[in-house]
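Asks:
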Amino acid sequence: MFVTRGIGQVPVWGQLHKDVILPCSFIPGEDEKIEKRDANLYVCYVGTFTSKHESTVKLNIAAFEENFIDYDAKTHRLRCTSKNAFPSDAVNSTTWYTGNNLDTEINSPDGYLDIGNSFNMHKCIIHHSILNINWTGIWKMRAPNLTENEDVKLECERGKILGSNFSVTWLWRKNFQSNVIATTNNLSEPFNITEHYKNRTKYTAGKAEITVKHLRMEDSGEYICDITTPDRTNIYLTSINVTQSNHRMYECVFLY
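For what it's worth, numbering that gives the first Met the number 0 labels the leading residue of the sequence shown as 0, then goes sequentially.
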């Protein structure tokens, strides 16, 4: 029998919480979702009656998780960042687009963009250089004028991003308060509408949009549609200020 040994160590990168296959010349066993503690040296051994082969694999761990895009109404700035990305130098820039036009590239994993009261679509792209994958955030806002008792259709463009692994969440937000309106992870089935909104909210089958009926003054606020997949988040914000209807009925009391 003769023995062949691999030359040095074979470096392999594995993405946190994903499966990884270590290179070895045999059919691999069960894959495993890797954790940080799995970073280590692994010896691959293949043996037959006449020979055997050994090689050493060094498994490194990289992560690209908890990515998000958000809007600060006070500063009129968008923020696009990755909260759990490592190695830290693998994510070192954020690219911004307004519409389909390149806006700016920021040499920071925590990218901000001043947009004022823009109703354009804004997009950020964060690239992980080791895993060679991108995460994309899209943000768009509108602000319709509405009065009491009107119905409002809250639009949310899903585009072509939805596969089998996604979620859609509708939120109402005002100041420091927020309420979930409806959620789903399957647009072919009804939305899960929370009790507070159940009697006044309807959904459009096959779409991410909802309609809130019979608006009241206290319905003023931001209505946020969040469509999230592993590699993208689309945020559509509808800012609503419900004004008093001119046709409100008043009870009059006459004094004689």
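Here a beta-carbon is modelled for each residue, glycine too, at the ideal position from N, C-alpha and C.
Here the structure is a predicted model, which means the values were calculated and not measured.
What is the DSSP secondary structure of MET216, reduced to helix, strand or coil?
Replies: By one-based count along the sequence shown, residue 216 stands at place 217. Looking at MET216 - three-state DSSP - the assignment turns out to be helix.
Asks: Name the one or two DSSP bridge partners that GLU104 has.
Replies: Within the sequence shown, numbered from 1, the residue matching residue 104 stands at position 105. Beta-bridge pairing links GLU104 to THR94.
Asks: Let me check understanding here. Comparing Cα to Cα, which of LYS57, ASN59, VAL42 and LEU58 lies closest to LYS51?
Replies: Counting from one through the sequence shown, the residue named residue 51 turns up at place 52. LYS51 has its Cα closest to that of VAL42, out of LYS57, ASN59, VAL42 and LEU58.
Asks: Going by DSSP, what residue range makes up the beta strand (DSSP E) through ILE114?
Replies: Reading the sequence shown from its first residue, position 115 is the one you call residue 114. Here ILE114 belongs to no beta strand (DSSP E), and DSSP marks it neither H nor E.
Asks: How many angstroms separate the CA atom of ASP102 from the CA atom of ILE234?
Replies: As a position in the sequence shown, residue 102 is number 103, starting the count at 1. As a position in the sequence shown, residue 234 is number 235, starting the count at 1. Each residue's alpha carbon lies about 19 Å from the other.
Asks: Return yes when the Cβ of LEU58 is within less than 8 Å of the Cβ of LEU21, no when it is not.
Replies: For the purposes of this step, residue 21 is taken as residue 22 along the sequence shown, with counting starting at 1. For the purposes of this step, residue 58 is taken as residue 59 along the sequence shown, with counting starting at 1. A contact, by the Cβ cut-off of 8 Å.
Asks: According to DSSP, what are the bridge partners of THR237?
Replies: In the sequence shown, residue 237 corresponds to position 238, counting from 1. DSSP output for THR237 lists ARG141 and TYR222 as bridge partner(s).
Asks: Checking 8 Å against the spacing of the C-beta atoms, do HIS75 and GLY136 come in under that value?
Replies: One-based indexing of the sequence shown puts residue 75 at position 76. One-based indexing of the sequence shown puts residue 136 at position 137. No.
Asks: Starting from the Cα of TRP171, find the closest Cα among LEU236, LYS212 and ASN131 and give me that residue.
Replies: Position 172 of the sequence shown, counting from 1, holds the residue named residue 171. Taking only the C-alpha atoms, the option nearest TRP171 is LEU236.
Asks: Could you name the residues of the same chain whose beta carbon sits closer than 6 Å to that of ILE105, not counting the 5 residues immediately before and after it, in chain order?
Replies: In the sequence shown, counting from the first residue as 1, residue 105 sits at position 106. Closer than 6 Å at the Cβ level, and outside the excluded window around ILE105, lie THR93.
Asks: Closest to TYR222 by C-alpha separation, out of THR228, SER244 and TYR196, would be which residue?
Replies: For the purposes of this step, residue 222 is identified with residue 223 of the sequence shown, where counting begins at 1. Of the candidates THR228, SER244 and TYR196, the one whose C-alpha sits nearest the C-alpha of TYR222 is TYR196.
Asks: Decide yes or no for the touch test of the stretch 110-126 against the stretch 77-84: beta carbon pairs closer than 8 Å, at least 3 of them.
Replies: As far as the Cβ criterion goes, the stretch 110-126 touches the stretch 77-84, which means the pair count is three or higher.
Asks: Scan the stretch 36-65 and note each continuous alpha helix (DSSP H) run of 4 residues or more that stays entirely inside, going in chain order.
Replies: Entirely contained in the stretch 36-65, not one alpha helix (DSSP H) run reaches 4 residues.
Asks: Helix or strand or just coil, what does DSSP make of ALA89?
Replies: Within the sequence shown, residue 89 is the residue found at index 90, counting from 1. Three-state result, ALA89: helix.
Asks: Relative to the alpha-carbon of LYS265, which residue among ASP37, PRO10 and VAL9 has its alpha-carbon at the smallest distance?
Replies: The structure shown does not extend to residue 265, since the chain spans only 0 to 255, so no value can be given for it.
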